[in-house]
Each structure stands twice: as structure tokens, then as C-alpha cells.
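The opening position of the sequence shown corresponds to residue 1 in my numbering, with each subsequent residue numbered one higher. All residues carry an ideal CB built from backbone N, CA and C; glycine is no exception. Step one of this worksheet: look at the structure below.
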Amino acid sequence: MIQSKFWQGFFALAPIIILFGILIGYFIFLIAIFGNAADGNFDHYDGDPFTWMGGITAFFLFIIIVILISLGSLIFYIVHAVQNPNLRGNNLLLVWILLFIFANGIGQMIYWLVEIVSKRNQVQSV
């Protein structure tokens, strides 16, 4: 599974794609909320409260899925970096792991581009 191109790409790109999806959804939510306030007053909301709670439940379920994918990506790329023979002889392993932890999402994508995609072309051409 660690050497699978699909999972490497998925765990590298999924956190970034999900981040943009969340931002787009948030702005759509804000536009919908402010669009329902005709005169800037929110006192005339006629919607069902259970519908609103259903939306919040879906949002929290989506957040839980995002957290699980981010943790999976973090664990996947830490394991991949530890098993990478190019990182064993120097301090790059520690640098990559710290980058994964402190720049979660973007760190995995940078590692995927620098250490996996660029090295994959070198291995295939040899």
C-alpha cells in the first residue's frame, strides 16, 4: 500500500482539495445566510429548526471525515518517509516529519512532489 501510486496521490492531494471544498462551502453558506436577511434583520426566519440542525449534523460528519483523512495522510507519509532509503543517512527524515506535523496537508503534498514523483522518473529511466 505504501508504494501504491493511487494512495500516494490521494493522501497528498486530498487534504488540499478538501480545504478548498470547505472554503467554497463556507462562502456559499454565508451567501445563503445573508441572502435570507432581506433587510439585515434575522428575526423573520421561517425555516424549520430541525432542517437547520440537520445541516449542522452533516457539517460535523464532514469535519470528522476530514479529520480522519488528515490523520491517515499524516500517518501514511510518516511511515513512507521512515521507509524511504534516501532519507536514512542524514537529518532529512527529521525535517520531513516535522514538516508533516507543523504544515499538515501542504507538507505531504511537497514531500509527494519532491521525494516521490521526481524520484519515480529517475528510477524508471535507470
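- Comparing alpha-carbon positions, the option among L87, L92, H80, L99 lying closest to G9 turns out to be H80.
- Rounded to whole angstroms, the separation of the alpha carbons of L98 and A12 is 16 Å.
- Relative to the Cα of G105, the nearest Cα in the group S70, I22, I33, F20 belongs to S70.
- It is roughly 45 Å from the alpha-carbon of L30 to the alpha-carbon of L87.
- Burial check for S73: the Cβ neighbour count within 10 Å reaches 16 or more, so the residue is buried.
- Assignment of S4 by DSSP, reduced to helix, strand and coil, places it in the coil class.
- Annotation for I24: no residue places its beta carbon closer than 7 Å to its own, counting only its chain and skipping 5 residues before and after.
- Within the same chain, Cβ atoms closer than 6 Å to the Cβ of F76 are found at F11, the five residues on either side in sequence being excluded.
- L98: member of the alpha helix (DSSP H) spanning 92-102, first to last residue.
- The beta carbons of F100 and G89 sit no closer together than 9 Å.
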